[in-house]
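Shown next, in structure tokens, is the structure this report addresses.
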Amino acid sequence: MGGDTTLRYSSFLLLLISCLFFIFADSTAAATKGHNSSYSPPDNYLIDCGSPQQAKLDDGRTFKSDHDSSSYLDTNEDIQTSVESIPFNISSSHSSNASPSPSALPLYLSARIFHEESKYSFFVSQPGRHWVRLYFYPLPHPYINLTSVVFTVQTDKFVLLQDFNVRDNTTVVFKEYLINVTDRFSIIFKPKKGSYAFVNAIEVVSAPDSLISDSAATVSPSKTFTGLSTYALEVSYRLNIGGQNITPKNDTLSRTWVPDGPFNAFPQGSEPAFAEPRSINYPKGGATPDIAPNLVYSTAVKMKESQVMEPNFNLTWKMNVDASFSYLIRLHFCDIVSKSFNDLIFNVYINGLMAVSCLDLSSLTNALFTAYYKDFVIDASDITNGSIMIQVGPASNVKSGSSNAILNGLEIIKINNAAGSLDGFFAVDGLYKGSAFGSTKLKIVAGIGLGMGVTAMLFLAIVLFRWQKRPQDWQKRNSFSSWLLPLHGSSHTTYSSSKSSSRRSSFFGSRKSKSGYSSSFSNQGLGRFFKFSELQIATQNFDEKAVIGAGGFGKVYVAMLEDGTKVAIKRGNHGSEQGINEFQTEIQMLSKLRHRHLVSLIGFCDEQSEMILVYEYMANGPLRDHIYGSNQTPLSWKQRLEICIGAARGLHYLHTGAAHGIIHRDVKTTNILLDENLVAKVSDFGLSKDAPLEQGHVSTAVKGSFGYLDPEYFRRQQLTEKSDVYSFGVVLFEVLCARPVINPKLPREQVSLAEWAMQCHRKGKLEKIIDPYIADTISPESLKKYVEAAEKCLAEYGVDRPGMGDVLWNLEFALQLQEAYTQLSPPEDKSIDFIVIEKQSENNSRENIPSVSVSDDSEVTVGSTLFPPLGNVQGR
């Protein structure tokens, strides 16, 4: 009996110990998960709008199609009858302030168009803050011009976008919001009367409750702002200070962090600091990986050594914002530069106001390499000049420690206004609620109106005065601006009859009213100046029958000059602001370039508010038309090699032969033109940039053509000559495979030619996708050398890519191998250690290559394809 009691007691004790062990293990695992594991959202709705199938992104997220998402669409709104889905071909990408990851680009391949007010409704399993992310790109449509549609996007309580439209089809628009929702949540699209609405993709995803606190410090006066949980927020900027682009793949909440370079107002006084990401610690009760990943805290910008005892400057970042809204500002810090405690003490300023005095990170976190963040709210009244300026600098009243300051990360988040809007002053019920500005706003408006009235009267007086002083022969000069010239001919100020003319005048300089236009322009070395009347005669008053191409810049006409020279005339659209930039850049670039493999600029016309460029005529049009997509006779492999060599020579000259080096920035097969002898010439320099003399890159907004775009340039927004090399690598595979670089009709893994070709090459199956027209004629040795060159061009990082000189050498070698192959009888054993060229089946013949209804050469910036053959050609 006693033995049984002892046995039962022992069993009970063992069971109790086991339970305690599992409880402790579970609590330890939970604590570990809170700091190391990714957040798992209870609600996770990802919709690829208009797509017939789901889209899996490189970051691991899967977006379902509308059809698969029908379980949470509000069927009461009859969404299926009020929208239409059209598959599109994406043409461009351009990072906005709240930037999407490059991996999100497949989401822009389709869109859903709304003919009337329509609603997406979602069931929310766990109330709280949710990410709402909207993707917009105005894809081409046969009947609806999505760049002209105007619509409003709102939720049940908040207006997200008011009278919104995407006028520029070169820009991808990404909007990111944080909204507190309950059990039911709707996103409503309201087209303006007579218009439409559209969206490419939608995300509604739970966010951790701890992500945004209900309170934050105010800047002026210094107090506490409460009630943040009741506001809707919009992410304006999210910067990884001192670091590179962070994609959703490396963020627990699928956020994108962009480099701070474009916003650093004093790069001369700053330098980056780095630490091992694994060395970053997250304190209990403080920052977590959900607040910001360790990649943010492991990089920073610190003050550069100034060689003086007490450096008297601040590190400064400046971001443009809408000054009619208040903003939540989150600053991320981590002391990765100090060797000991209390060594780094600095001040933090927001718009010139003291936010934190004598910030000592080591005292706040009791450790180094430890994440810390601080939230502030700045009122709209404290925002001047439409910008927010963040500064950090050494505390002058602290004698100990080093004179230094750092910043690791920065987030600027818009807060909704009194109308419950994040865009304008209309509430969800359509009522205007902008009276909060009161009489001050009315006084400002009245003052502006009075000023405009006085200015108009003064201008009218000047016009009347100059009309009386106009030259007697002003009518013969065909220019309204000719009699508005200054009274003294030595003046360098040029007036114009329009806004666009005035901008061009400031670029070209003065015009001499007596000596005529031609001499004034030719003296500047910018080519021949054509009178508008000359070009009217040459084109038979710009007859539509003479049109050989059209694009965003304007139409291209074939014409014959008085001396019998056949030319191509590109006439810009009136009122195109982006066209003015391209017009100026094209003339600047081509006026100082002369090369056999570059299209020559003959002259231009800047008369009567016109923007007209005159080029040498390229009889055989763009290279693409001779590879696929037209009825042209396909080129032989040798001809393709010679054309690629010619284009490479032109690019090599741009990079090395020009005075400072030039980066083309838009290399593609429609910008490689062929003359009557099939000599290749590079064209379209509207996006070109001068290469930097000292730095290895140019920090600039991303522009180019989707499919050819250098991914490193896209991520870092730093343009280099190697960006052209990458684009040329895509051209090489396009020439070899004779298919569009982007074809959304193919399976997902085959949409991008660059990725598909590289994948086939790695698997040893490249021969399966080679153009069947040339497959039997290629020397295996020539093909091997050619593909090696293309593969090196497509290296992920620019430093791993060859220069254009090396690419040119490899192509010339490939041509020599091909010529030797055709002169000798082929060996019986063709199984060289590269690949064996096999003839494709009839089902894969050239005639059966699927056509794409929309060309994949629509640009990230406005331009035009020069001198394609006669026909209905759509270019930039």
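Heads up: the sequence shown is residues -30 to -1, 1 to 846, going by mature numbering (1 follows the signal peptide of the UniProt record, and there is no 0).
Ideal Cβ placement from N, Cα and C applies to all residues, glycine included.
Small disclaimer: the values here were computed from a predicted structure and weren't measured.
Using the C-alpha atoms, what's the distance from LYS659 back to ARG635?
-> Straight-line measurement puts the Cα of LYS659 at about 7 Å from the Cα of ARG635.
So PHE703 is in the alpha helix (DSSP H); what residue range does that whole segment cover?
-> Start and end: 691 to 707.
Quick one, which of GLY213, GLY231, ASN220 and LYS89 has its alpha-carbon nearest ILE158's?
-> Looking from the CA of ILE158, the closest CA among GLY213, GLY231, ASN220 and LYS89 belongs to LYS89.
Check whether SER391 and VAL129 have beta carbons under 7 Å apart | It is a contact, given that the beta carbons lie within the stated cut-off.
Three-state secondary structure assigned by DSSP to LEU131 | DSSP places LEU131 in strand when its eight states are reduced to three.
Pick helix, strand or coil for ARG103, following the three-state DSSP scheme.
-> DSSP places ARG103 in strand when its eight states are reduced to three.
Cβ shell of GLN50 (< 6 Å), same chain only, five flanking positions each side left out = Because GLN50 carries a pLDDT of 31, less than 50, the predicted location of this residue cannot be relied on, and no value is offered for it.
When burial is assigned at 16 or more other CB atoms within 10 Å of the CB, is ASP746 buried or exposed?
-> The residue is exposed, with fewer than 16 neighbouring Cβ atoms inside 10 Å.
Should the segment 92 to 101 be called in touch with the segment 139 to 153, which here means at least 3 C-beta pairs below 8 Å?
-> Put simply, the segment 92 to 101 touches the segment 139 to 153. At least three CB pairs are less than 8 Å apart.
Beta bridge counterpart(s) of ASN215 as assigned by DSSP = Beta-bridge pairing links ASN215 to no other residue.
Give the DSSP-derived three-state secondary structure of VAL517 in the structure shown.
-> Secondary structure of VAL517 (DSSP, three-state): strand.
Taking all protein chains shown into account, do 16 or more other C-beta atoms lie within 10 angstroms of the C-beta of ASN387, making it buried, or fewer, making it exposed?
-> Burial is judged here by how many other beta carbons sit within 10 angstroms of a residue's own beta carbon; ASN387 has at least 16 and is buried.
Tell whether a beta-carbon distance below 7 Å holds between GLN578 and PHE523.
-> PHE523 sits away from GLN578, with the two beta carbons spaced by 7 Å or more.
Who pairs with TYR207 in a beta bridge, going by DSSP?
-> According to DSSP, which records beta bridges pairwise, TYR207 is partnered with ILE382.
Looking at VAL205 and PRO242, is the spacing between their C-beta atoms short of 7 Å?
-> No. Outside cutoff.
State the DSSP-derived secondary structure class of THR509, mapped to helix, strand or coil.
-> DSSP places THR509 in the coil class of the three-state scheme, outside both helix and strand.
For SER294, the nearest candidate out of LYS638, GLY674, ASN355 and TYR527 (CA to CA) | The option with the nearest alpha carbon to SER294 is ASN355.
Which residues DSSP lists as bridging VAL151, in chain order | GLY98.
Any idea what DSSP makes of LYS659, helix, strand or coil?
-> The three-state reading of DSSP puts LYS659 in strand, counting E and B together.
Grouping DSSP H, G and I as helix and E and B as strand, with all else coil, what is GLY400?
-> Coil.
Could you tell me which residues DSSP pairs with MET289 in its beta bridges?
-> In DSSP, MET289 forms a bridge with ILE358.
Which residues in the same chain have their Cβ closer than 8 Å to the Cβ of ALA235, if we skip the five residues on either side of it in sequence?
-> The beta carbon of ALA235 lies closer than 8 Å to those of THR286, TRP287, LYS288 and MET359 in the same chain, with the five residues before and after it left out.
C-beta contact flag for PRO218 and ASP29 at 7 Å | Pairing PRO218 with ASP29 gives a Cβ-Cβ distance under 7 Å.
If you draw a straight line from the C-alpha of PHE244 to the C-alpha of VAL705, how long is it?
-> Using only the alpha carbons, I get a separation of about 43 Å.
DSSP bridge partner residues for GLY363 (one or two, in chain order) | Beta-bridge pairing links GLY363 to ASN317.
Under the three-state reduction of DSSP, which class applies to ARG300: helix, strand or coil?
-> If DSSP states are grouped into helix, strand and coil, ARG300 belongs with the strands.
Per-residue burial, LEU314 [other beta carbons within 10 Å of its own, 16 or more giving buried] | The residue is buried, with at least 16 neighbouring Cβ atoms inside 10 Å.
Given a threshold of 16 other Cβ atoms within 10 Å of its Cβ, counted over all protein chains shown, does ILE418 qualify as buried or as exposed?
-> Exposed is the call here.
For PRO191, does the count of other Cβ atoms within 10 angstroms reach 16, so buried, or fall short, so exposed?
-> Per the 10 Å Cβ criterion, exposed.
By Cβ distance, which residues of its chain are closer than 6 Å to ALA708, with the 5 residues on each side in sequence left out?
-> If we look at ALA708 and ignore the five residues flanking it on each side, its Cβ neighbours are ILE597, TYR598 and ASP741.
For CYS19, three-class secondary structure by DSSP | Judged by DSSP in its simplified three-state form, CYS19 adopts coil rather than helix or strand.
So, using beta-carbon positions, are LEU116 and PHE168 closer together than 7 Å?
-> In this structure, PHE168 lies closer than 7 Å to LEU116 by Cβ.
N- and C-terminal bounds of the beta strand (DSSP E) containing LEU571 = Start and end: 571 to 575.
If we ignore side chains and look at the alpha-carbon of each, how far apart do LYS536 and SER73 end up?
-> Each residue's CA atom was taken as its position, placing LYS536 and SER73 some 46 Å apart.
Are three or more beta carbon pairs between the segment 575 to 592 and the segment 639 to 653 nearer than 8 Å?
-> Segment contact: the segment 575 to 592 against the segment 639 to 653, three or more CB-CB distances shorter than 8 Å; contact assigned.
Check whether the Cβ atoms of VAL119 and ASN135 sit closer than 7 Å, and answer yes or no.
-> Contact: yes.
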